[in-house]
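Residue numbering for the sequence shown follows numbering that gives the first Met the number 0, beginning at 0 and increasing consecutively. Accompanying notes for the structure given below.
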Amino acid sequence: MAMQQFGKDESGAGIKVNEVHDLTRIERIGAHSHIRGLGLDDSLDARAVSQGMVGQNNARRSAGVILSMIREGKIAGRAVLLAGQPGTGKTAIAMGMAKALGEETPFAMMAASEIFSLEMNKTEALTQAFRKAIGVRIKEETEIIEGEVVEIEIDKPATQGAAAKTGKLTLKTTEMETIYDLGTKMIESLTKEKVSAGDVVAIDKASGKITKLGRSFARSRDFDAMGPQTKFVQCPEGELQKRKEVVHVVTLHEIDVINSRTQGFLALFAGDTGEIRTEVREQIDLKVAEWREEGKAEIVPGVLFIDEVHMLDIECFSFLNRALENDMAPVLVVATNRGITKIRGTNYRSPHGIPIDLLDRLLIIATQPYSEKEIRLILDIRCEEEDVEMTDDAKELLTKIGHETSLRYAIQLITASSLVALKRKSAEVEVEDVSRVYTMFVDIKRSTQFLIEYQDQFMFNEVPMAEADEADSMED
Ligand SMILES: Nc1ncnc2c1ncn2[C@@H]1O[C@H](COP(=O)(O)OP(=O)(O)OP(=O)(O)O)[C@@H](O)[C@H]1O
Ligand SMILES: [Mg+2]
């Protein structure tokens, strides 16, 4: 990782961006690991089963339209609501969008309840989330040395066990040949990259990073010490030293953290970023605006996904209203399974627990419950994802269970039943395994039934029904 400063000599202010090169995206593994995209064809129609996605065609198509607008950079500051019953694939569709967007466009996701558990105030948490979803594509010129290795010479240490190594590296192009002095660090990276005579390499002058471009064609007859995947390249022409334009995308949040004096870039990896001062952000926004004007940088509006959005409170909602009006705003995607319910922090009820003024700005995508056939297909995919072999009969039973209880419950029974099958030393899950776990773990319906029958024996059974209703979701 390069520890240098971007544009310090030209622009003076010394805003650092170089320390973090690529967008990193931490995925929640598990429930949605089978989703690889939205499964749309070129005309944005949903394929019946594709990229791990099944059914829910209308919602997927709508999500696809939003995506193509994002890709064309046409929309910023728009907001989309995924609304539907529990287990109808809202989170799955958002994950599909993230996968389909690709590496260059930032996608930040959070559950609304997270803002109540962070050690910072709610608006700071939301500001950070927004800035994680805004990318800056930066063009930089760097100096590189590119040539074919003629010889690497590493000096014998003068005294036994001397730490500092020295040596010489001879590089050539078709026109010239130069000898470079090597220090310990360079020798170590050359050894690590296994660079040898005949390799064509590029060395970033500022960071010292070595990239092996391939073997020189001139050496293609030395068959020894060559793997089958050896790539042959021409010996570079012209000067050894070249200027090259490199482009990389970082998020505003990453720039914030690196430049926040109390933090330092390690905080990015520790995840412990704390609050960032407003002045830091203002300075960075100014700098980025300057770079944009000079044609050095472009804004890449990404996506901020807030799941379980009904958990936000009225202050957060009004923050969102304002934040969407910023000219660098990302696309906001939110999801909820709530019907008409109280807006957190108020006594008012509203559709999805979202204030009307924000609802008014949202494009709403509705998700529908799955048919039995679709449940079967999703279970097939999940079995494959979890490497579980299951007989057709067992899958049929599981599908029935999924249809009558919930898709999630059925998905959870896959792992459990495979463990039970394993216990009786069977490589395949059969009907008996599924029915066994069905009796071991109860679903909501049976659990509720049980609670009603035995409510006298539990604590807090005196909660009046009306209050319990408050917490109910759209399902009932
Ligand atoms: N169309 C689909 N294709 C493939 N898998 C799906 C599809 N829809 C849902 N799933 C899978 O089913 C499970 C439940 O779906 P998901 O978590 O997306 O539901 P949700 O609508 O977000 O529910 P909730 O409102 O409870 O958050 C997940 O494991 C998800 O990956
Ligand atoms: Mg969800």
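Every residue gets a Cβ at the ideal spot worked out from N, C-alpha and C, and that includes glycine. Since this is a predicted model, take the numbers as computed values, not measurements.
Which of helix, strand or coil DSSP assigns to residue i
i, result
"Leu66", "helix"
"Ala296", "strand"
"Gln454", "helix"
"Ala426", "coil"
"Phe231", "strand"
"Glu26", "Confidence at Glu26 is low in this model, with a pLDDT of 40, below 50, so the placement of that residue should be treated as unreliable; the coordinate-derived value is given next. Coil at Glu26, not helix or strand."
"Glu274", "coil"
"Asp41", "coil"
"Phe115", "helix"
"Tyr347", "coil"
"Leu362", "strand"
"Ser219", "coil"
"Ser188", "helix"
"Asp379", "helix"
"Leu212", "strand"
"Leu418", "helix"
"Lys193", "coil"
"Arg496", "Given a span of 0 to 475 for the chain in the structure shown, any question on residue 496 remains unanswerable."
"His20", "Annotation note: pLDDT 43 at His20 (below 50); position unreliable, coordinate value reported separately. Looking at His20 - three-state DSSP - the assignment turns out to be coil, as it is neither helix nor strand."
"Asp326", "coil"
"Arg445", "helix"
"Ala163", "coil"
"Asp154", "coil"
"Glu103", "coil"
Residue i: CB within 7 Å of a non-hydrogen atom of ligand 2
i, result
"Thr366", "no"
"Lys422", "no"
"Ala97", "no"
"Ala62", "no"
"Asp432", "no"
"Asp455", "no"
Residue i Cβ short of 7 Å to ligand 1 heavy atom set
i, result
"Ala30", "yes"
"Ala415", "no"
"Met52", "yes"
"Arg35", "no"
"Leu477", "For the chain, the structure presents residues 0 to 475; residue 477 sits outside this window and is missing."
"Asn336", "yes"
"Gly401", "no"
"Ile377", "yes"
"Gln55", "yes"
"Gly273", "no"
"Thr90", "yes"
"Gly352", "no"
"Thr398", "no"
"Ile410", "yes"
"Ile133", "no"
"Thr210", "no"
"Ile339", "no"
"Ile380", "yes"
Residue from the options with nearest C-alpha to residue i
i, options, result
"Gly207", "Ile143, Glu147, Asp356 and Gly273", "Ile143"
"Gly338", "Ile353, Lys131 and Ala393", "Ile353"
"Ser112", "Ala124, Lys167, Phe106 and Phe231", "Ala124"
"Gly63", "Lys73, Val53, Ile92 and Thr87", "Ile92"
"Glu371", "Ile65, Thr172, His402 and Asp386", "His402"
"Val433", "Ile400, Val246 and Arg375", "Ile400"
"Thr494", "Ala196, Glu274, Leu81 and Asp44", "No statement about residue 494 is possible, as the shown extent of the chain runs from 0 to 475 and does not include it."
"Ala163", "Glu152, Leu331 and Ile186", "Ile186"
"Asp306", "Arg35, Ser317, Leu81 and Leu323", "Leu81"
"Tyr437", "Val333, Gly54, Lys184 and Gln411", "Gln411"
"Val430", "Val441, Asp442, Ile443 and Ile413", "Ile413"
"Lys167", "Glu174, Thr173, Glu176 and Asp154", "Asp154"
"Lys73", "Lys394, Thr335 and Asp326", "Asp326"
Bridge partner(s) assigned by DSSP for residue i
i, result
"Phe304", "Met108 and Val332"
"Asp386", "Partner(s): none; Asp386 has no beta bridge."
"Ser49", "Met52"
"Gly352", "According to DSSP, Gly352 bridges with nothing at all."
"Thr141", "Lys243"
"Asp198", "Arg214"
"Gly207", "Answer is none; Gly207 lacks a bridge partner."
Unbroken alpha helix (DSSP H) run spanning residue i, endpoints
i, result
"Val256", "Leu251 to Asn258"
"Ala128", "Lys121 to Lys131"
"Lys167", "No alpha helix (DSSP H) contains Lys167, which is instead part of the beta strand (DSSP E) from Gly166 to Lys171."
"Ile400", "Asp391 to Glu403"
"Ile313", "Ile313 to Ala322"
"Lys98", "Lys89 to Leu100"
The beta strand (DSSP E) enclosing residue i, as first and last residue numbers
i, result
"Ile339", "Ile339 to Lys341"
"Thr177", "Glu176 to Leu181"
"Ala75", "Per DSSP, Ala75 belongs to no beta strand (DSSP E) and is neither H nor E."
CB contact check: residue i to chain D, cutoff 8 Å
i, result
"Ile133", "The chain inventory of the structure shown lacks chain D, comprising one protein chain alone."
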